[in-house]
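In UniProt numbering, the protein residues as written are 1 to 177. Here a beta-carbon is modelled for each residue, glycine too, at the ideal position from N, C-alpha and C. Notes follow once the structure below has been shown.
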């Protein structure tokens with residue numbers, strides 16, 4: 001049975017245990033202000049070398065400055081997590097907060113867990129004073145479509161710093177009512 005709770009500093013190194021396995025068949029790229037879907041087969045077997053450790057450092061800094069880190073556990077094993085940063089991003093005429101991390105382990109997908117964590121993240125962004133949630137999404141069709149189904153819209157002018165960090169990502173936002 002799954003249980004959820006706020007993540008503590010000692011939980012952060014366990015984020016790398018989230019199973020990112022996935023077979024991707026299609027990707028998006030932004031072209032002339034529109035999403036263009038193209039076929040490309042890719043097999044993701046886990047975390048790229050060094051990425052989990054780099055993410056852990058960034059998420060620890062986020063937590064220490066007041067960010068929100070939340071996880072779902074199967075017994076003691078972390079199987080999904082969402083993180084919202086408290087830093088303000090000015091974009092789309094709104095004060096946004098960034099969804100820094102949202103991952104659900106392979107065997108736990110398709111159960112509504114990602115949607116639930118996204119909803120909690122949006123609620124938390126609102127509590128942090130955000131008028132919207134900024135999402136820099138991996139360009140796989142499955143990921144981008146997930147966020148768009150939840151109401152995210154394309155950002156035609158991404159945040160320059162976030163774009164520099166992830167130029168292939170699809171930059172989206174969710175307006176919070």
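* Put residue 62 into one of helix, strand or coil per three-state DSSP. => What you label residue 62 is simply residue 62 of the chain shown in a count that begins at 1. In the three-state reduction of the DSSP assignment, residue 62 falls in the helix class, which pools H, G and I.
Residue 24 and residue 141: beta carbons closer than 9 Å? By 1-based counting over the chain shown, the position of residue 24 is 24. By 1-based counting over the chain shown, the position of residue 141 is 141. Residue 24 is a Cβ neighbour of residue 141, given a cutoff of 9 Å.
Could you say if the segment 96 to 106 and the segment 55 to 62 meet the contact criterion of at least three C-beta pairs nearer than 8 Å?
A contact is defined here as three or more CB-CB pairs under 8 Å, and the segment 96 to 106 meets this definition with respect to the segment 55 to 62.
Three-state secondary structure assigned by DSSP to residue 112 | For this step, residue 112 is matched to residue 112 along the chain shown. The answer is coil: DSSP assigns residue 112 none of H, G, I, E or B.
*Closest to residue 136 by CA distance: which of 20, 93, 11, 28 is it?*
Locating residue 136 in the chain shown gives position 136, counting from the first residue. The residue with the shortest Cα to Cα distance from residue 136 is 28.
Checklist entry - Under the rule that 16 or more other beta-carbon atoms within 10 Å means buried, what is residue 143, buried or exposed? => result Working through the chain shown from its first residue, we reach residue 143 at position 143. Looking at its Cβ environment, which holds 16 or more other Cβ atoms inside 10 Å, residue 143 is buried.
Report the option in 4, 21, 160 whose CA atom is closest to the CA atom of residue 92. Counting from 1 along the chain shown, the entry for residue 92 is found at position 92. Checked all of 4, 21, 160; the closest Cα to residue 92 is 160.
Check your understanding: Candidates 38, 50, 94, 76: which alpha carbon is nearest residue 11's?
Key -> Taking the chain shown and counting its residues from 1, the one referred to as residue 11 is at position 11. With respect to the C-alpha of residue 11, the residue from 38, 50, 94, 76 having the closest C-alpha is 76.
Requested in this report: Look at the Cβ atom of residue 14, then the Cβ atom of residue 78, and state whether they are nearer than 9 Å.
Outcome: Translated into the one-based positions of the chain shown, residue 14 becomes position 14. Translated into the one-based positions of the chain shown, residue 78 becomes position 78. Yes, these two residues count as a Cβ contact at 9 Å.
Exercise. Roughly how many angstroms separate the alpha carbons of residue 44 and residue 22, rounded to a whole number?
Worked result: Stepping through the chain shown from its first residue, residue 44 is reached at position 44. Stepping through the chain shown from its first residue, residue 22 is reached at position 22. Separation of residue 44 and residue 22 (C-alpha to C-alpha, rounded to the nearest whole angstrom) is 5 Å.
Name the two residues that bound the continuous beta strand (DSSP E) containing residue 135. The residue labelled residue 135 in the question sits at position 135 within the chain shown. Segment 132 to 137, the beta strand (DSSP E) holding residue 135.
For this session: Please classify residue 121: is it buried, with 16 or more other beta-carbons within 10 angstroms of its beta-carbon, or exposed?
Result: Within the chain shown, residue 121 is the residue found at index 121, counting from 1. Residue burial annotation: residue 121 is buried, with at least 16 other C-beta atoms found within 10 angstroms of its C-beta.
When DSSP builds the beta bridges, which residues end up paired with residue 68? Against the chain shown, residue 68 aligns to sequence position 68. According to DSSP, which records beta bridges pairwise, residue 68 is partnered with 84.
message = If contact is defined by three or more beta carbon pairs under 8 Å, each pair taking one atom from either stretch, is the segment 148 to 159 in contact with the segment 170 to 177?
response = When C-beta atoms of the segment 170 to 177 are compared with those of the segment 148 to 159, three or more pairs fall below 8 Å, so the two segments count as touching.
- For residue 124: DSSP bridge partner residues: Here the question's residue 124 lines up with position 124 in the chain shown. Paired residue(s): none; residue 124 is not in a bridge.
What's the C-alpha gap between residue 69 and residue 167? Locating residue 69 in the chain shown gives position 69, where the first residue counts as 1. Locating residue 167 in the chain shown gives position 167, where the first residue counts as 1. Approximately 25 Å between the Cα atoms of the pair.
Q | Segment limits, beta strand (DSSP E) that includes residue 161 | A | As a first step, residue 161 is located in the chain shown; it is residue number 161 there, counting from the start. Here residue 161 belongs to no beta strand (DSSP E); instead the alpha helix (DSSP H) covers 160 to 165.
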